[in-house]
Amino acid sequence: MGRRVSRGQFVAGDGSVVNADANATYTILRKAFPNALAEWIEDASVHPVRMPLGTARECT
C-alpha cells in the first residue's frame, strides 16, 4: 500500500514515486470500471519472439 508524502506526490508500495493526481485517476477508474483497462494492459504486455542466431540487425 502506498501513501501520499506531500502535495502532488504519492509513493507507491514498491517505493516508486507517482503524481498523486494520476494515482487518484487510476484508482477511480479501476474501482468504477474494473475491466476498462484489462484489454489495454493485455495488449501492452510484452510477447518475446524467438530469433535464430545471425538474424539480428544493428539499430540505426
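Numbering (this note's numbering), first residue to last: 1057 to 1116.
Ideal placement from N, C-alpha and C gives every residue a C-beta, glycine not left out.
Practice item. Please report the residue range of the beta strand (DSSP E) in which Asn1075 lies. Key: Val1073 to Asn1075
Point to revise | Phe1089 classed as buried or exposed, judged by whether at least 16 other C-beta atoms fall within 10 angstroms | key: exposed
Check your understanding: DSSP state of Arg1086, grouped into three classes?
Key -> helix
Review point. Can you tell which of Ala1092, Lys1087, Arg1059 and Pro1108 has its C-alpha closest to the C-alpha of Ser1072?
Key: Arg1059
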